[in-house]
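Numbering (my numbering), first residue to last: 3 to 384.
As structure tokens, the structure follows; a few thoughts come after it.
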């Protein structure tokens with residue numbers, strides 16, 4: 003039993019180090035490889051997919067915990083709740099498969115979600131969203147295991163069936179919460195989601211170890227389950243990103259349509275009816291229109307394509323043929339480059355391949371002013 007306890011302790015210490023490694027990776031890439039950092043934090047890249055699989059795996063383990071012998075809804079209400087929470091977060095992370103399957107979200111999400119994605123967390127107030135993250139991290143991950151150290155509270159928690167993360171995982175949750183509060187660099191939120199997914203995964207593994215008599219006498223299985231599951235999550239994330247990268251539309255006419263629509267949007271932006279802007283922004287065109295009050299765009303040449311057969315929702319919300327947003331990017335003059343503005347679509351694979359100054363992959367772009375480097379490899383849209 004002592005050997006098992008020591009192995010359990012080592013496994014949880016490794017879990018803390020792995021969560022910290024996520025934050026360290028973010029810092030290293032941000033500091034020394036900004037282009038790689040920029041790509042990896044985008045939708046459908048390895049970071050997002052690894053987060054998805056971390057929550058899915060955590061939910062699967064909580065299902066195992068809930069379905070133990072003697073199962074009842076009364077006794078297993080909390081692991082079932084954790085299962086549903088992990089499943090919800092995982093599906094929110096990939097916008098319920100919107101980019102994967104290329105379907106158009108309901109109009110409510112197009113209008114009120116500035117990211118124009120089918121998810122709920124982006125339609126609630128930012129302050130409420132941040133508060134919910136704080137409650138999950140510091141309430142469930144820090145306060146609950148600390149309270150569980152008090153014998154009377156522990157008895158109450160066990161009696162009503164609440165599952166608390168082991169106190170040794172408090173540093174992992176605490177580090178995640180600190181990063182969420184100080185937000186040290188752009189797109190920190192993407193790394194926080196991955197760190198939180200890892201925290202829930204390791205908390206689920208710890209709970210499963212407590213419930214599994216089969217592994218209780220195996221000293222090395224604890225360490226293998228932690229490191230092995232982490233490796234599987236990363237491989238699944240990498241594989242999913244690779245698979246979505248090769249996802250293509252079956253209709254090559256969509257590429258031609260996107261090129262024509264971007265030319266039409268360029269007419270709107272160069273018509274003189276769009277007011278001057280400060281340099282240095284990157285937004286969906288619908289968000290740009292709403293945030294800057296450029297109401298002309300709602301009645302411009304692109305909007306009028308609806309009279310030629312363009313679906314009204316696409317015209318109203320500036321969506322490309324794959325039902326994803328058209329974007330505008332403006333780069334301030336830097337490193338010998340002039341101020342550059344361009345419009346673009348993610349293209350058939352419905353994911354951003356380009357970097358700040360380079361058009362890559364199957365992204366489709368058109369320049370308003372300045373110059374960008376075209377590093378696209380010709381692809382067969384079929």
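By construction, the Cβ of each residue, glycine as well, lies at the ideal position given by its N, Cα and C atoms.
Note that the structure is predicted; figures quoted are calculated from it, not measured.
Since residue i and residue j are thought to touch, with beta carbons under 8 Å apart, how far apart are those beta carbons, to the nearest angstrom?
i	j	result
residue 345	residue 324	In fact, because the Cβ distance is near 15 Å, the residues do not count as touching under 8 Å.
residue 272	residue 370	7 Å
residue 100	residue 107	6 Å
residue 303	residue 341	Incorrect: roughly 24 Å between the Cβ atoms, too far for contact.
residue 2	residue 92	This structure cannot speak to residue 2, because the chain is shown only from 3 to 384.
residue 48	residue 349	Going by Cβ atoms, the distance from residue 48 to residue 349 rounds to 19 Å, so no, they are not a contact pair.
residue 307	residue 263	7 Å
residue 368	residue 265	6 Å
residue 305	residue 317	5 Å
Checking 8 Å against the spacing of the C-beta atoms, do residue i and residue j come in under that value?
i	j	result
residue 144	residue 172	yes
residue 347	residue 375	no
residue 21	residue 174	yes
residue 111	residue 120	yes
residue 396	residue 178	Residue 396 is absent from the model: the chain starts at 3 and stops at 384.
residue 257	residue 366	yes
residue 170	residue 14	yes
residue 196	residue 38	no
residue 289	residue 299	no
residue 207	residue 231	yes
residue 202	residue 88	yes
residue 339	residue 213	no
residue 199	residue 60	yes
residue 166	residue 150	yes
residue 122	residue 94	yes
residue 343	residue 311	no
residue 68	residue 86	no
residue 385	residue 32	The shown model of the chain, from 3 to 384, leaves out residue 385, and the question about it has no answer.
residue 181	residue 25	yes
residue 114	residue 125	yes
Helix or strand or just coil, what does DSSP make of residue i?
i	result
residue 329	strand
residue 343	strand
residue 371	strand
residue 192	helix
residue 321	strand
residue 50	helix
residue 218	For residue 218, the pLDDT reaches just 49, beneath the cut-off of 50, and the residue's location in the model is therefore unreliable, leaving the point undetermined.
residue 119	coil
residue 22	helix
residue 204	helix
residue 360	strand
residue 285	strand
residue 336	strand
residue 16	helix
residue 366	strand
residue 185	coil
residue 267	helix
Just mark residue i as buried or exposed, buried being the case when its beta carbon has 16 or more other beta carbons within 10 Å.
i	result
residue 18	buried
residue 226	exposed
residue 50	buried
residue 34	exposed
residue 58	buried
residue 382	Note that residue 382 scores 41 on pLDDT, short of 50, meaning its location in the model is unreliable; the coordinates nonetheless yield the value given after this. Residue 382 comes out exposed.
residue 314	exposed
residue 211	buried
residue 242	buried
residue 216	Low per-residue confidence applies at residue 216: pLDDT is 48, beneath 50, and the placement is therefore not dependable, though the value from the model is reported in the following sentence. Exposed is the call here.
residue 152	exposed
residue 297	exposed
residue 184	exposed
residue 97	buried
residue 301	exposed
residue 142	buried
Is there contact here, the region 81-89 with the region 48-64, by at least three beta-carbon pairs under 8 Å?
yes
At least 3 beta-carbon pairs within less than 8 Å: the region 329-342 vs the region 269-285:
Touching, yes.
Whether or not the region 347-364 and the region 40-55 are in contact is what I'm after, with contact meaning three or more pairs of Cβ atoms, one per stretch, closer than 8 Å; do they touch?
With a cut-off of 8 Å, the region 347-364 and the region 40-55 count as touching, because enough Cβ pairs lie within range.
Segment contact, 8 Å Cβ cut-off, at least three pairs: the region 150-166 with the region 188-201
no
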